[in-house]
Every structure is written in C-alpha cells, then in structure tokens.
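Enquirer: Numbering (the working numbering), first residue to last: 7 to 265.
The beta carbon of each residue, even a glycine, is placed where N, CA and C say it ideally should be.
Computed from a predicted model, the values in this text were never measured in an experiment.
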Ligand code: NAP
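#1: Would you check if there are 3 or more beta carbon pairs closer than 8 Å linking the region 238 to 255 to the region 32 to 40?
#2: Can you tell me whether DSSP reads residue 9 as helix, strand or coil?
#3: Within a Cβ cutoff of 8 Å, which residues of the same chain sit near residue 86, ignoring the five residues on either side of it in sequence?
#4: Does the distance between the C-beta of residue 66 and the nearest non-hydrogen atom of ligand 1 fall short of 7 Å?
#5: Which residues share a DSSP beta bridge with residue 189?
#6: Mind checking residue 264: buried by the 16 CB within 10 Å criterion, or exposed?
#7: Pick helix, strand or coil for residue 44, following the three-state DSSP scheme.
#8: Determine whether the beta carbon atoms of residue 141 and residue 184 lie at a separation below 8 Å.
#9: With residue 68 and residue 80 assumed to form a contact (beta carbons below 8 Å), what rounded beta-carbon distance in angstroms separates them?
#10: Inspect the beta-carbon positions of residue 229 and residue 165 and report whether they are closer than 8 Å.
#11: DSSP has residue 91 in a bridge; who is on the other side?
#12: Go through its chain and collect everything with a Cβ distance to residue 33's Cβ below 6 Å, but skip five positions before and after it.
So, in structure tokens, the structure goes:
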C-alpha cells in the first residue's frame with residue numbers, strides 16, 4: 007500500500023534504537039525525509055547512515071536530550087516545517103510507590119508528559135496553517151492497565167493521554183491528527199532492562215524472567231520494533247486522516263479487556 011506521504015518531513019524523537027528507530031525506518035520506507043534524535047551521537051550516526059543507505063531519504067541527526075529545552079530547540083530548529091511528529095523518550099525507572107519523591111515525579115512528568123506536550127505546542131500551529139499534520143506519541147500499555155512497578159510511567163503517561171484527548175479534537179478540523187501508540191512488551195533494550203530487573207528481584211536468570219513475561223502475552227512473544235513502526239507509519243499516512251485522538255494498543259493481546 008502506498009502510504010501517500012512520500013516527501014513529507016518527519017521528526018522522530020529518541021530514535022537511534024528500539025521503537026523510535028522502528029518508526030523512523032518505516033517512515034523512511036514510505037519516503038519521508040527524517041530528523042532523528044537520541045543522546046548518544048555514535049549510535050544515532052550509525053542509525054542515520056543505515057536508514058539513508060536502505061531508503062535513500064534525507065536524514066538529519068540531532069544528538070541531544072529531548073527532555074531538555076535545549077535538546078528540543080535543536081531538534082525543532084533542524085526540522086523547520088514539520089509534517090509528521092513522533093514523540094518518544096526513555097521510560098521512567100521501575101520502583102515502589104512508597105519510595106518516589108517529588109523530584110522523581112517531576113522528572114517523569116518532564117520526560118513523558120511535558121516534553122511531548124511542548125513538542126506538540128511547537129509544531130501544531132504550523133501543521134494547522136498548512137492544513138495537514140500527523141502526530142503519534144509513543145506511550146505505553148500502562149495507560150490502559152497499570153504496571154505496578156512502573157507507577158511513574160502510569161502517572162506521567164495518563165497526564166499526556168488526557169492532554170491528547172482534548173487537543174486532538176481541537177486540531178482535527180485543520181487536517182491534523184494526534185494519536186497515541188501504546189506498546190506492550192517489545193523486544194528492545196528497554197525490555198532487556200525490565201527483564202533484568204525482574205530476574206534480580208526473583209533471583210532467577212534473565213532467560214527465565216523473559217519466558218515468564220512472554221507467557222503473559224497471548225501472542226506468546228514480544229512484539230518487534232518493525233511491527234510497531236509499520237503501525238506508526240500507517241497512522242501517519244494519508245489513509246489515517248479519520249483516526250483522531252485514539253489510544254492504540256500494540257500488546258499481543260496482553261491487556262485483558264473487552265474494549
Ligand atoms: P530503548 O530500546 O531503550 O530505546 C530508547 C531510544 O530512545 C534510544 O535510541 C535512546 O538513545 C533514546 N532516548 C532515551 N532517552 C532519550 C532522551 N532523553 N532524549 C533523546 N533520546 C533518548 O526503548 P524502547 O523499548 O524503544 O522504548 C521507547 C518508549 O516506549 C519508552 O518510553 C518506553 O518506556 C516505552 N515502552 C516500551 C516498551 C517495551 O517493551 N519496549 C513497553 C512499554 C512502553 P540514547 O540512550 O542514546 O538517548
């Protein structure tokens with residue numbers, strides 16, 4: 007299927023690895039020119055080179071921390087007029103509800119709620135003026151079903167979800183859609199870190215911890231960054247203009263809910 011977005015300009019935050027990279031690859035395959043970002047410059051340069059070689063699109067790398075004002079300013083300056091924005095950042099650390107301080111909450115809110123909101127506030131006016139735009143926020147399954155050890159994530163992402171629910175309906179009339187993609191377990195570095203945490207906590211091997219977590223997924227496996235990216239690219243396509251303000255689970259059936 008031709009996604010109809012060849013030549014569009016896409017910003018994909020936190021995209022040298024994992025789900026962000028999956029989104030960048032799929033948008034490049036659809037013909038979008040990219041601005042990609044991550045803190046580690048070396049991995050970012052490798053990813054940019056691989057995407058250029060595979061898809062022949064223009065890829066601008068902007069190293070920096072997207073959760074800081076300077077990091078966001080650098081990405082936005084490099085991007086110019088943005089047609090497609092994919093927001094992403096690392097997730098907050100796991101822990102116990104009783105242990106988190108105000109500073110821990112502020113850090114999580116900054117990274118996973120206020121950063122995507124600031125990026126949307128920066129690009130939405132231009133998209134609305136030009137009459138076309140797509141925003142996809144990478145959030146988490148934890149928005150629909152809380153993950154006990156990820157209370158910081160549960161909290162920050164719920165705030166972002168509320169912002170998107172209202173805002174998506176205020177910009178849809180100008181041809182701009184905003185939706186959230188909610189990953190369940192995916193095979194990325196983040197999943198390795200969470201498997202490692204579960205292994206340490208229970209005193210078992212990382213393989214055993216992974217097998218335990220995979221057994222909770224009806225699909226019987228972790229998702230892949232490529233599957234995640236393909237869904238993101240579809241949401242950014244011409245075909246998805248009537249999908250507005252949705253929270254789309256990609257979790258292999260892991261969230262046990264009827265709707
Ligand atoms: P990942 O494999 O660890 O990759 C994270 C990517 O983001 C890397 O490219 C990393 O590069 C970059 N990054 C992290 N923090 C950044 C920052 N502050 N500024 C700029 N770039 C940053 O993670 P992932 O699995 O793709 O997860 C992506 C998001 O989905 C996270 O918020 C995670 O919590 C959420 N999620 C993931 C899963 C899963 O199973 N994988 C499930 C639910 C939710 P640098 O480190 O070099 O900056």
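Expert: So, to answer that:
#1: yes
#2: coil
#3: 15
#4: no
#5: 256
#6: exposed
#7: strand
#8: yes
#9: 5 Å
#10: no
#11: 17, 141
#12: 16, 239
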